[in-house]
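Numbering (the numbering used here), first residue to last: 452 to 778.
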């Protein structure tokens with residue numbers, strides 16, 4: 452099998468494929484022209500979430516049987532073209548769960564306690580930073596409500612962390628769902644015997660009552676700019692928005708205006724509407740925490756994702772019809 456990668460990934464993550472031909476770029480990425488040349492005789496393409504694979508590239512792969520995407524999303528791939536031409540598409544939904552939930556919770560904590568802002572100002576010797584009992588105050592997580600929009604694997608992992616910190620959790624999906632926890636609990640909109648609260652809410656109610664709102668849903672055209680001027684106005688002026696899902700969920704111009712004018716108190720973003728471009732207005736605000744799409748960015752997480760991609764490929768090679776993680 453000839454397996455072509457769009458992006459440099461560590462070869463040690465694919466030890467189970469050593470008998471096959473792996474075509475991996477030495478630089479971070481193959482250029483579009485390089486990929487179009489190499490895909491011509493590829494059986495499998497390993498793409499990454501930040502590399503667009505449109506129909507014009509896929510059309511060059513006459514032997515292509517599988518696009519194994521490195522990431523939970525797949526909006527970088529022309530899935531319609533793949534389905535029309537019998538090309539299977541897989542993703543890596545399992546291994547991204549815990550790293551993304553960790554990063555989401557870290558962003559929320561950093562935002563609440565103003566850690567990034569204060570660190571930056573201390574390094575810049577900003578005269579506004581004065582040590583003192585009532586200076587430089589943030590807000591707590593304990594006792595506050597976290598509203599999760601999209602209670603899938605990552606949303607559930609985030610809820611687990613929030614409950615451990617004494618937060619209340621509300622969630623919104625298109626439908627109420629069973630929430631699975633690592634201790635075996637399965638609950639729908641009920642508090643546990645220990646008093647932990649997980650409550651299903653309409654979107655409007657969740658926005659109006661939550662102290663922290665986290666976006667953890669997949670991207671589809673139906674949720675483009677889910678967070679916009681109108682939905683931002685439904686949030687508390689003391690509330691914080693966290694987005695580790697997809698940048699296009701948020702109208703960034705509306706968010707920047709809301710942050711500047713006090714419609715909401717702050718935001719933490721790992722993904723951006725026009726990534727990798729970040730608006731200058733967001734960059735100039737103290738009440739926003741920014742990271743460069745590193746929700747899954749731990750060495751452990753990256754290797755785990757490699758192994759999940761490898762497993763998807765091995766299932767195809769073995770001729771198994773029940774392929775893991777089919778899109």
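Quick reminder that beta carbons are idealized off the backbone N, C-alpha and C, glycines included.
- Here the C-alpha atom of residue 654 lies approximately 21 Å from the C-alpha atom of residue 724.
- Membership of residue 549 in the alpha helix (DSSP H) is indicated by the continuous run 548 to 563.
- Closest in alpha carbon position to residue 679, among 700, 538, 560, 753, is 700.
- Within the same chain, no residue comes within 7 Å of residue 566 by CB-CB distance, once the 5 residues on both sides are set aside.
- By the criterion of a C-beta distance shorter than 8 Å, residue 461 is surrounded in its chain by 753, 754, 757, once the five residues flanking it on both sides are discounted.
- By the 16-neighbour rule on beta-carbons within 10 angstroms, residue 582 is exposed.
- Annotation: residue 477 to residue 530 spans about 27 Å, alpha carbon to alpha carbon.
- Of the residues assessed, residue 544 falls on the buried side of the cut-off, its CB having 16 or more other CB atoms within 10 angstroms.
- For residue 596, the enclosing beta strand (DSSP E) begins and ends at 596 to 600.
- Boundaries cannot be given for residue 464, as no beta strand (DSSP E) includes it and DSSP labels it neither H nor E.
- For residue 650, the pairing in a beta bridge is given by DSSP as 621.
- Judged by DSSP secondary structure, residue 679 falls outside any beta strand (DSSP E); it is assigned neither H nor E.
- In this chain, residue 541 is not harboured by any alpha helix (DSSP H); it is covered by the beta strand (DSSP E) spanning 539 to 541.
- Pairing residue 763 with residue 519 gives a Cβ-Cβ distance under 7 Å.
- Residue 568 sits buried, since 16 or more C-beta atoms from the chains shown fall within 10 Å of its C-beta.
- With a cutoff of 7 Å on beta-carbon distance, residue 489 and residue 455 are scored as near each other.
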